[in-house]
Amino acid sequence: MHQESTRLDEAGLPLTDFGPVLAEEPAPLLFATVSGAHLYGFPSRDSDVDLRGVHLLPAEDLVGLREPEETRSRMWDREGVEMDLVTHDLRKFVRLMLKPNGYVLEQLLSPLVVRTSGLHTELVELAPRVLTRNHAHHYRGFANTQWRLFEKTGELKPLLYTFRALLTGIHLMRSGEVRAHLPTLIAEVAAPGYLPDLIAAKAEAEHGGAKGLAGAGVPGDVEALHRVLDEAQGESELPGTPGGAAFHALHELVVRARLRG
209 MHQESTRLDE AGLPLTDFGP VLAEEPAPLL FATVSGAHLY GFPSRDSDVD
259 LRGVHLLPAE DLVGLREPEE TRSRMWDREG VEMDLVTHDL RKFVRLMLKP
309 NGYVLEQLLS PLVVRTSGLH TELVELAPRV LTRNHAHHYR GFANTQWRLF
359 EKTGELKPLL YTFRALLTGI HLMRSGEVRA HLPTLIAEVA APGYLPDLIA
409 AKAEAEHGGA KGLAGAGVPG DVEALHRVLD EAQGESELPG TPGGAAFHAL
459 HELVVRARLR G
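Going by my numbering, the letters in the sequence shown line up with residues 209 to 469, in that order.
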């Protein structure tokens with residue numbers, strides 16, 4: 209059912225390190241991908257490795273009296289690098305897909321694939337059908353949360369997360385495509401010219417400060433991108449909701465997967 213992928217070179221993470229760990233999972237993994245800073249294009253030397261994915265619970269776990277383990281998480285250390293794996297049961301993940309939740313779609317569509325399957329491919333193919341202009345709310349809210357964290361800490365990481373969220377939201381509203389890789393977004397969406405320098409600085413230290421790297425105009429730049437996101441959402445050709453056809457297709461996928469086990 210499952211096959212290993214070799215698409216992880218872009219992140220500089222050897223795929224062979226993950227196989228034994230994934231094999232310890234108690235339920236089948238439909239997919240696992242790399243998320244976080246590696247996906248966003250600004251990992252540092254000491255960045256954690258965030259693995260995200262979907263597992264498939266057996267039918268008896270959902271029809272009995274015990275609460276199903278719909279979300280599982282595990283952390284471990286690999287040669288001094290902290291790794292974590294968080295997975296949702298297929299039904300929970302699909303329900304999140306049907307909400308304006310850009311985070312789960314980034315996980316699903318991440319090009320940094322550690323484990324894949326035929327059902328993963330089907331989910332990827334269905335993803336465009338759940339994209340809506342209301343996903344702008346997700347990216348706007350995430351950017352606001354990270355901006356407040358930056359104001360509190362002055363660290364590069366939340367500042368880059370702020371810009372990444374805004375640029376991903378703008379790109380999605382304009383193109384109907386989920387793109388989370390900040391260096392690529394900079395080339396496609398008008399962005400402040402100092403962002404490449406911030407990315408380079410972040411590569412040296414996970415919790416480095418932004419002092420001296422980003423000028424006094426940063427708050428204005430963030431506000432300007434919020435306005436661009438607002439305009440892009442208003443002009444977007446994406447629908448307001450996923451629609452019944454997308455719901456039906458995902459429902460059928462979940463039922464088929466569960467019955468097959």
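All C-beta atoms in this analysis are idealised placements derived from N, C-alpha and C, irrespective of residue type, glycine included.
Everything numeric in this text was worked out from a predicted model, so none of it was measured.
Fill in: Cut-off 6 angstroms between Cβ atoms - residues of its own chain near residue 219, not counting five sequence neighbours on either side
Its pLDDT being 49, under 50, residue 219 is placed unreliably in this model, and the coordinates cannot settle the point.
Worksheet entry | DSSP state of residue 338 mapped onto helix, strand, coil | Residue 338: helix per DSSP, three-state reduction.
Worksheet item: Out of curiosity, what's the CA-to-CA distance linking residue 379 and residue 462?
Response: 30 angstroms
Worksheet item: If you run the structure through DSSP and keep just helix, strand and coil, what is residue 353?
Response: helix
Worksheet item: Where does residue 379 sit, in a helix, a strand or coil, going by DSSP?
Response: helix
Worksheet item: Thinking just about the alpha-carbon of each residue, which of 448, 304, 407 is nearest to the one in residue 369?
Response: 407
Practice prompt. Locate the beta strand (DSSP E) running through residue 280, then write down its first and last residues.
Written response: 279-286
Worksheet item: Looking only at its own chain, which residues have a Cβ that is under 8 angstroms from the Cβ of residue 230, when we skip the five neighbours before and after it?
Response: 237, 240, 293, 322, 323
Worksheet item: Alpha carbon to alpha carbon, what distance is there between residue 302 and residue 455?
Response: 9 angstroms
Fill in: Beta-bridge partners of residue 240, as assigned by DSSP
261, 323
Worksheet item: What does DSSP give as the partner residues of residue 296 in its beta bridges?
Response: 262, 279
Fill in: Beta-carbon separation (whole angstroms), residue 362 vs residue 419, contact threshold 8 angstroms
6 angstroms
Worksheet item: The alpha helix (DSSP H) with residue 434 in it runs from where to where?
Response: Where residue 434 is concerned, the enclosing alpha helix (DSSP H) stretches over 426-443.
Discussion item. Could you give the first and the last residue of the continuous alpha helix (DSSP H) run that contains residue 311?
Written reply: Run containing residue 311: 310-317, per the alpha helix (DSSP H) assignment.
Worksheet item: Once you ignore the five residues that flank residue 377 on each side, which residues in its own chain have a CB closer than 6 angstroms to its CB?
Response: 344, 347, 437
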